[in-house]
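Reviewing the structure listed below.
Residue numbers (the numbering used here), protein chains in the order written: chain A, 18 to 239; chain B, 110 to 360.
So, in structure tokens, the structure goes:
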């Protein structure tokens with residue numbers, strides 16, 4: 018068997034590990050969610066905006082993208098595609114499981130999404146080992162879950178067109194329930210001084226579903 | 110571009126429940142104490158604990174019906190091992206053999222996330238429903254649970270017949286039925302599981318085993334089955350080719 022395990026790394030406190038500053042308990046995000054269909058507009062004009070396809074690449078990154086063989090897309094061989102791309106996909110279905118010290122995010126498309134663990138009571142490791150999903154820590158700002166992710170390896174792509182990123186990729190996500198928890202407003206911001214000319218943000222609205230996550234078996238695309 | 114992501118669906122919304130398990134009861138208040146990362150206990154960690162069927166392959170083989178034993182002997186342990194190419198291999202093999210998982214309780218379910226995420230995957234044990242009628246077979250089956258005092262009783266059916274009961278390539282059918290009783294022991298530092306496996310079409314009688322999982326003081330590391338994508342792709346395609354060929358013939 019060919020298995021790759023990335024060992025745990027040193028856990029250090031940081032400002033990210035601070036507990037919520039408000040006295041109200043954070044919202045319960047437990048549930049199964051999926052992005053609303055493209056083109057849907059929720060009350061108040063809320064709708065998706067931005068896309069990984071629109072990332073502002075540096076000239077070097079643009080040149081690099083031209084050399085990429087799209088057949089090498091990790092997503093085509095059922096390998097992880099990374100949070101930046103995964104969270105924007107309309108077909109992505111997630112299950113959120115808040116626990117006392119972490120929030121676990123499970124993807125129905127397990128092969129491409131894997132799982133994410135957002136640690137709520139620690140900071141980033143001082144010298145993180147680079148991982149497919151990076152190292153995610155979170156804290157509450159009122160009713161908004163703020164997730165900070167670093168330590169991503171450079172093997173995933175930013176989009177379907179093959180835009181590359183470096184291991185300096187830094188993701189900041191904000192998740193908050195809207196309309197009484199029927200939806201999640203999800204904002205993703207990526208910054209990578211080696212690949213992007215400026216930080217880039219997209220927004221998605223996830224609808225809470227009453228269905229269960231299914232078991233899937235990913236089959237490579239040909 | 111042919112996207113072929115075969116989703117094996119468990120339809121639950123409109124299905125009448127079938128009575129394979131007792132009615133679900135409320136989640137035990139102390140269940141959050143179970144939350145954590147566990148690994149199969151071995152060696153000195155098992156001092157004072159009784160492990161039933163330590164040589165599980167031997168036990169299972171003794172229970173196989175003749176056809177199942179013949180199938181086992183005809184199976185190629187390398188070429189036919191889906192887990193070897195990072196595809197699912199079900200939940201019979203992993204827990205009693207490798208068993209590393211996160212135990213994540215929620216209000217209406219317990220989720221077990223296996224460290225071998227690509228092969229063993231995720232188990233969801235639903236506490237507020239029974240098995241749906243007309244289950245489509247899946248690698249990990251359909252699990253429902255209820256509490257009997259301090260013990261979580263889990264009933265799982267709806268398996269496909271692709272996985273093995275253990276590493277010895279012992280087959281089972283879609284009639285396989287797994288009953289597990291989980292409870293905390295050793296002052297909460299371990300989870301004990303007592304398991305019974307039935308399959309009237311593959312086994313002469315049910316077999317049982319017990320295993321212990323020790324709570325690990327740490328985080329479950331990320332695990333990508335094979336992060337050499339070229340090798341992964343080649344191996345997976347080789348393993349999947351017979352399935353794809355059959356699918357094309359059907360079309």
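We treat Cβ as the ideally placed atom computed from N, Cα and C, and that holds for glycine.
Starting from the Cα of residue i, find the closest Cα among the options and give me that residue.
i: residue 275 of chain B; options: B:212, B:324, B:178; result: B:178
i: residue 167 of chain A; options: A:180, A:184, A:173; result: A:184
i: residue 91 of chain A; options: A:199, A:229, A:131; result: A:131
i: residue 122 of chain A; options: A:108, A:198, A:104, A:138; result: A:104
i: residue 191 of chain A; options: A:56, A:228, A:158; result: A:158
i: residue 288 of chain B; options: B:251, B:295, B:160, B:306; result: B:306
i: residue 219 of chain B; options: A:48, A:216, A:215; result: A:48
i: residue 235 of chain B; options: A:228, A:161, A:220; result: A:228
i: residue 182 of chain A; options: A:118, A:101, A:225; result: A:101
i: residue 269 of chain B; options: A:186, A:233, A:64; result: A:233
i: residue 211 of chain B; options: B:198, B:197, B:226; result: B:226
i: residue 296 of chain B; options: B:324, B:314, B:310, B:309; result: B:324
i: residue 143 of chain B; options: B:272, B:195, B:260, B:232; result: B:260
i: residue 312 of chain B; options: B:197, B:273, B:228; result: B:273
i: residue 139 of chain A; options: A:41, A:70, A:118; result: A:118
i: residue 215 of chain A; options: A:83, A:89, A:73, A:68; result: A:73
i: residue 68 of chain A; options: A:83, A:180, A:62; result: A:180
i: residue 60 of chain A; options: A:202, A:156, A:178; result: A:202
i: residue 81 of chain A; options: A:55, A:143, A:174; result: A:174
i: residue 213 of chain B; options: B:223, B:175, B:205, B:157; result: B:223
i: residue 195 of chain B; options: A:83, A:129, A:162; result: A:129
i: residue 217 of chain B; options: B:206, B:205, B:207, B:233; result: B:233
i: residue 235 of chain A; options: A:94, A:109, A:64; result: A:94
i: residue 71 of chain A; options: A:178, A:221, A:195; result: A:178
i: residue 155 of chain A; options: A:120, A:144, A:62, A:186; result: A:120
i: residue 155 of chain B; options: B:200, B:171, B:301, B:207; result: B:301
Can you list the residues of chain A that residue i reaches, using a CB-CB cut of under 8 Å?
i: residue 230 of chain B; result: 127, 232
i: residue 184 of chain B; result: What residue 184 of chain B touches in chain A: nothing, since even the nearest Cβ is about 17 Å away.
i: residue 144 of chain B; result: 116, 117
i: residue 222 of chain B; result: 121, 123, 132
Just to confirm before moving on: does the CB-CB distance between residue i and residue j stay below 8 Å?
i: residue 209 of chain B; j: residue 149 of chain B; result: yes
i: residue 125 of chain A; j: residue 205 of chain A; result: no
i: residue 207 of chain A; j: residue 188 of chain A; result: yes
i: residue 284 of chain B; j: residue 169 of chain B; result: no
i: residue 215 of chain B; j: residue 114 of chain A; result: yes
i: residue 150 of chain A; j: residue 97 of chain A; result: yes
i: residue 321 of chain B; j: residue 304 of chain B; result: no
i: residue 277 of chain B; j: residue 166 of chain B; result: yes
i: residue 223 of chain A; j: residue 200 of chain A; result: yes
i: residue 170 of chain A; j: residue 148 of chain A; result: yes
i: residue 226 of chain A; j: residue 230 of chain B; result: no
i: residue 192 of chain B; j: residue 198 of chain B; result: yes
i: residue 328 of chain B; j: residue 146 of chain B; result: yes
i: residue 271 of chain B; j: residue 248 of chain B; result: yes
Taking Cβ-Cβ distances shorter than 7 Å, what residues in chain B pair up with residue i?
i: residue 202 of chain A; result: Ordered by position in chain B, no residue passes the 7 Å Cβ test against residue 202 of chain A, which lies about 22 Å from the chain.
Can you list the residues of chain A that residue i reaches, using a CB-CB cut of under 7 Å?
i: residue 215 of chain B; result: 47, 114
i: residue 197 of chain B; result: 234
Cβ closer than 8 Å: which chain B residues qualify as neighbours of residue i?
i: residue 131 of chain A; result: 226, 331, 333
Under 8 Å by Cβ, that's how I've got residue i and residue j pegged, so tell me the actual separation to the nearest angstrom.
i: residue 267 of chain B; j: residue 244 of chain B; result: 4 Å
i: residue 253 of chain B; j: residue 242 of chain B; result: Not quite, the Cβ-Cβ distance comes to about 13 Å (not below 8 Å), so this is no contact.
i: residue 107 of chain A; j: residue 52 of chain A; result: 5 Å
i: residue 44 of chain A; j: residue 160 of chain A; result: 5 Å
i: residue 133 of chain A; j: residue 153 of chain A; result: 6 Å
i: residue 162 of chain B; j: residue 291 of chain B; result: The pair is not a contact, with the Cβ atoms about 17 Å apart (cut-off 8 Å).
i: residue 281 of chain B; j: residue 264 of chain B; result: So it is not a contact: roughly 16 Å between Cβ atoms.
Contact list for the stretch 140-158 of chain A against chain B, Cβ threshold 7 Å: 148, 149, 150
Contacting positions in the stretch 98-123 of chain A - beta carbon closer than 7 Å to chain B: 114, 116, 117, 121, 123
Residues from the stretch 236-268 of chain B in contact with chain A, defined by Cβ distance under 7 Å: 247, 248, 249
Proximal residues, the stretch 68-96 of chain A versus chain B, C-beta separation under 9 Å: For the stretch 68-96 of chain A, the beta-carbon criterion of a distance under 9 Å to any beta-carbon of chain B is satisfied by 89, 91, 93, 94, 95, 96.
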